[in-house]
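The sequence shown begins at 25 in the working numbering and counts up by one.
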Amino acid sequence: MSAFHEEIDIDRTPGDVWAYVTDPNRLPEWQQSAVSVEQLDDGPLALGSRLRITRHVGRRDMPMTMRITEFEPPRTWGMRGIDGPVRGLVHGEVTPLADGRTRVTMDLDFEGHGIGKVLVPLVVRPQVRKELPHNERLLKEHLEHTGG
């Protein structure tokens, strides 16, 4: 079981939602703490691809490398942090709904290494708990109102 489980229904097709949520360049548009994203491998995003995501955590920007551990278009994706003191674990699903809308489900957790063992419970989880409702609103807004 993950530390965070979120579901949001979006008035867009599953294909549109999948394209948006799995586009690394879009991450800073809908995740408040994401400062920048750089794909470290050539070619399209795929199983094993690596991303360097810089996030604003507490009072500083922290780069972390994530590896794509699940990638089954247009349904599921997953990532796992492979370096740094705070390593994220992400599982996402895009599910078509009967009314033409789409449900996005995300499970998040974090592992702390070194100083990260202190940062995860004291800084990271409280920040994520506060940020997730905002991120969901941004995701919905970008996909439904700005054309994502």
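All C-beta atoms in this analysis are idealised placements derived from N, C-alpha and C, irrespective of residue type, glycine included. If you're wondering where the values come from, they're calculated on a predicted model, not measured in any experiment.
{"Query": "Backbone CA spacing between VAL148 and GLY72 [nearest angstrom]", "Result": "25 Å"}
{"Query": "Proximity below 9 Å, CB of THR46 to CB of PRO97", "Result": "yes"}
{"Query": "Simplified DSSP state of ARG161, which is helix, strand or coil", "Result": "helix"}
{"Query": "Cβ distance (whole Å) where VAL144 is taken to contact GLY136 below 8 Å", "Result": "4 Å"}
{"Query": "In chain order, each beta strand (DSSP E) run of at least 3 residues that lies wholly inside the stretch 55-133", "Result": "58-63, 74-81, 84-96, 100-105 and 110-120"}
{"Query": "Boundaries of the beta strand (DSSP E) in which ASP33 is found, first to last residue", "Result": "28-34"}
{"Query": "Identity of the residues DSSP links to GLU155 by a beta bridge", "Result": "Beta-bridge pairing links GLU155 to no other residue."}
{"Query": "Identity of the residues DSSP links to GLU135 by a beta bridge", "Result": "ARG111"}
{"Query": "Start and end residues, alpha helix (DSSP H) containing ASP40", "Result": "38-45"}
{"Query": "Distance, ASP65 Cα to ILE32 Cα", "Result": "30 Å"}
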